[in-house]
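Just below is one structure, and these are the notes that go with it.
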Amino acid sequence: MNGKLEFSSYHFDEYDELCLISGSQHQIKILLVPPLFDEMNRMRRALVDAMHLLDECRIGSILPDLPGTNESLFPQGEANLTLWRSALNMCISQHTDCKSIASFRGGCLIDDFDCELPRWRFSPAKGRSMLRTMMRTRIASDKEAGNVTKMTDLQDQAISSNLNLAGNIIGPSMFAELDQAEPITLENTRVVRLESDSADADVKLAGSALWLRAEPDADQLISTAMANDLASWINS
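Residue numbers (full-length UniProt numbering): 1 to 236.
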């Protein structure tokens, strides 16, 4: 997997947000909507490996940064799910050669922007579940530092001010949207889950839940399985 990766960008709200591109020479390209928050860090290596494998299948892929994430200069506390949908819509309007969308985990909450392209969703996550996980991490961290923080304390603070959850600055609008967010049912969507997941899916893949690991890691099994299923789906 030695294919060349390239950097590009898309313009959104006076900022240029980075994109990682693989297989730019291929006619077939897919937009990858990343997992959200700390899950992106844990899964990034697996996604990049999958991009290399898609390149070998003559399929290009674009992995954009969302405003307020990674190297973005957009204020993190001002981001919310609505804004991220708008950013993705701008991204795909500027990279018009993308003919399908693959979203991962929390990315499935924001792939319903104004676009009729077919969608491939990997292990869709509910916003409330992700939010509670980050809040429990904050509570555990505070406890180790000798401070007592309750879930209700964080919920009250989130009404009017930013929260630091798992290293992410969550503003009031992001907190409110996440608390209610679920992946919207769309036509022409393929749902993919791990074999260990009992929820309904169109297909189950072998591999590990990298987003549950304490540190970022790779898993060639799940990267290969995702790339193979994506290639089969795109070419069907």
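Glycine is no exception: its CB is placed at the ideal position from the N, C-alpha and C atoms.
Secondary structure, alpha helix (DSSP H): runs of 4+ residues fully inside the region 67-119: 81-94
What's the C-alpha gap between residue 228 and residue 35? 19 Å
I need the boundaries of the alpha helix (DSSP H) containing residue 52, first residue and last residue. 38-56
Cβ distance (whole Å) where residue 111 is taken to contact residue 33 below 8 Å: 5 Å
Report the residue from 89, 209, 73, 59 whose alpha carbon sits nearest the alpha carbon of residue 44. 209
Compare the C-alpha of residue 220 against each of 14, 25, 17, 51 and name the closest. 51
8 Å Cβ shell around residue 162 - same chain, five flanking residues per side excluded: 77, 169, 170, 171, 172
Using beta-carbon positions only, say whether residue 31 and residue 83 come within less than 9 Å of one another. no
Cut-off 7 Å between Cβ atoms - residues of its own chain near residue 92, not counting five sequence neighbours on either side: 31, 98, 115
Excluding the 5 residues flanking residue 80 on each side, which residues of the same chain have their C-beta closer than 6 Å to its C-beta? 173, 174, 177
Exposure of residue 7, with buried meaning 16 or more beta-carbon neighbours within 10 Å: exposed
Which of helix, strand or coil DSSP assigns to residue 186: coil
Applying the 10 Å Cβ sphere with the 16-neighbour rule, what's the burial state of residue 13? exposed
If you measure between the beta carbons of residue 292 and residue 183, is that distance less than 9 Å? With the chain represented from 1 up to 236, any question about residue 292 goes unanswered, as that position is not in the structure.
Taking residue 62 and residue 101 to be in contact with their CB atoms under 8 Å, please state how far apart those CB atoms are, rounded to whole angstroms. Rounded, the Cβ-Cβ distance is 10 Å, inconsistent with contact.
Identify whether residue 64 lies in helix, strand or coil by the three-state DSSP scheme. strand
From 23, 158, 117, residue whose alpha carbon lies closest to that of residue 54: Closest option to residue 54, Cα to Cα, is 23.
Is DSSP giving residue 159 helix, strand or coil here? DSSP, read as helix, strand or coil, puts residue 159 in coil.
In whole angstroms, what is the alpha-carbon distance linking residue 118 and residue 148? In a straight line, the C-alpha of residue 118 is about 46 Å away from that of residue 148.
Taking DSSP as the reference, what is the three-state secondary structure of residue 16? strand
Which listed residue (108, 90, 224) has its alpha carbon closest to that of residue 186: 108
Which whole-angstrom value describes the C-beta separation of residue 113 and residue 47, a residue pair presumed to lie in contact below a C-beta threshold of 8 Å? About 20 Å; that fails the 8 Å criterion.
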